[in-house]
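**Q** Quick one: this structure, given as structure tokens, is what I'll be asking you about.
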Amino acid sequence: MSVTAARGFTASGVSAGIKDSGAPDLALVVNRGPSYAAAAVFTSNRVQAAPVRWSRRVIGDGALAAVVLNSGGANACTGPAGEDDARAMAERTARALRVEAEQVAVCSTGLIGVPLPMDRVTAGIDAAAAELSEDGGEAAAIAIKTTDSVHKTAVASGSGPDSGPRSGSGPGPGPGWTMGGMAKGAGMLAPGLATMLVVLTTDADVSAPTLDSALRQAVRTTFDRVDSDGCMSTNDTVLLLASGASGVRPDPAEFAEAVHDVCLDLALRLVADAEGASKEIEVRVVGAASEQDAVTVGRSIARNNLLKCALHGEDPNWGRVLSAIGTTSAVFDPDRLDVSINGVRVCRDGAAGEPRDKVDLSGRAVTVTVDLRSGDASATIWTNDLTAAYVHENSAYSS
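Letter by letter, the sequence shown follows residues 661 to 1059 of the numbering used here.
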């Protein structure tokens, strides 16, 4: 059910003709209230798409009635005309829904530098508005795909202040409160955020400041730690909308946990669907002097193309792990580093450990654990291997 798992929301996805393939490419997510609280996190790339600039402005008052999203074109680096197009998308959506344009966030994804076919976009918005449904969440998730091979959804729920959240791809809403989410993204995944559009919805009665705090806390340790290829997008957006339709005001800590769980679920789905990937790699850094040290080391390992190629070839080349660690400013003693790959400690005290032929890399899941032996902090970064299929897909992306 995706973003319509939560009560008070409708959604739709249609084929507007933005994509030459005729595949679905325009989605609406609408908050029917009674509350319209919202929060958002955007890319930290200094080059930001027109939809990001528009959405940054309208989220300022902590309220949204709707989100319009398109795939097939990023509307990034399109100059003043692109700014006008983003506003036009909000205005057309507002007119169709009888709300104010400043209550509508805009998200776009696709090729950079190409203007959107606005006649098709605006007609698609009208068509999507006519198809809005409480069962439209899946259609919306499908419509925002670009190079994604699958659409990505997640759901969590809670019964009130004394219950714990339950997360996953189902089930639907229960008697308490529910959170639903959808995401797109399969490449250009790097911190701040990944190249993704994410919409989260909840029928919990939560204020905008509480939404903002929970979302930022969750994004910091989920989406911001997905690092597929070290490339940061211009369009990244994560939105969280609350309708309050359940009438349940959850405990803030419980709610924050649910936001984290849904974000983590979707983040891992992004990595699993990374372009051309044959391995899903979890880089765990423990024993760090600080969390920042752990993150820095994890990112360096995740971005090491030599290691990513080695793991693709099922070679547990721990020397490339140590080489990546050594490029950082983290606190560590090179002669006290330990590295395990899929549970086998192949490096002990900065030198060879157990025989590397004990490491089984035949499966898709790979875990690289690094112990810096310098403190108690830790962090996890998620990445994937580097394959010929990734190179092919990105060499032909604009064709």
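Each residue gets a CB set at the ideal place from its N, CA and C atoms; glycine is no exception.
As an exercise, report each continuous beta strand (DSSP E) stretch of at least 3 residues that is fully enclosed by the segment 728-763, in chain order.
**A** Within the segment 728-763, no run of beta strand (DSSP E) at least 3 residues long lies entirely inside it.
**Q** List the endpoints of the continuous beta strand (DSSP E) containing Val922.
**A** Not the beta strand (DSSP E): Val922 falls in the alpha helix (DSSP H), residues Pro912 to Ala932.
**Q** In the DSSP assignment, find the unbroken alpha helix (DSSP H) run with Glu951 in it and report its ends.
**A** Glu951 to Ala962
**Q** On a CA-only basis, which of Asp745, Asn1044 and Ala783 is nearest Asn965? Give me that one, please.
**A** Asn1044
**Q** Thinking just about the alpha-carbon of each residue, which of Ser768, Asp865 and Val674 is nearest to the one in Ser786?
**A** The displayed chain sequence assigns Asp, not Ser, to residue 786. Here the closest residue by C-alpha is Val674.
**Q** Give the range of the beta strand (DSSP E) segment to which Ser893 is assigned.
**A** Looking at the DSSP string, Ser893 is not in any beta strand (DSSP E), and its letter there is neither H nor E.
**Q** Does the beta-carbon of Glu940 have 16 or more other beta-carbons within 10 angstroms, so that it is buried, or is it exposed?
**A** buried
**Q** According to DSSP, which residues form a beta bridge with Trp1042?
**A** Val886 and Glu942
**Q** With 16 as the cutoff for other CB atoms within 10 Å, does Val991 come out buried or exposed?
**A** Looking at its Cβ environment, which holds fewer than 16 other Cβ atoms inside 10 Å, Val991 is exposed.
**Q** On the three-pair Cβ rule with 8 angstroms, is the segment 712-728 touching the segment 866-876?
**A** yes
**Q** Exposed or buried, which one is Val760 when buried takes at least 16 other CB atoms within 10 Å?
**A** Reading off the sequence shown, one finds Glu at residue 760, where the question assumed Val. So Glu760 counts as exposed.
**Q** Could you tell me which residues DSSP pairs with Asn977 in its beta bridges?
**A** Bridge partners of Asn977: none, in fact.
**Q** Could you please give me the residues that DSSP links to Leu901 through a beta bridge?
**A** Ala698 and Thr861
**Q** With 16 as the cutoff for other CB atoms within 10 Å, does Thr987 come out buried or exposed?
**A** Looking at its Cβ environment, which holds fewer than 16 other Cβ atoms inside 10 Å, Thr987 is exposed.
**Q** What residue range does the beta strand (DSSP E) around Arg1008 cover?
**A** Val1004 to Arg1008
**Q** In angstroms, rounded to a whole number, what distance separates the CA positions of Val815 and Ala671?
**A** 15 angstroms
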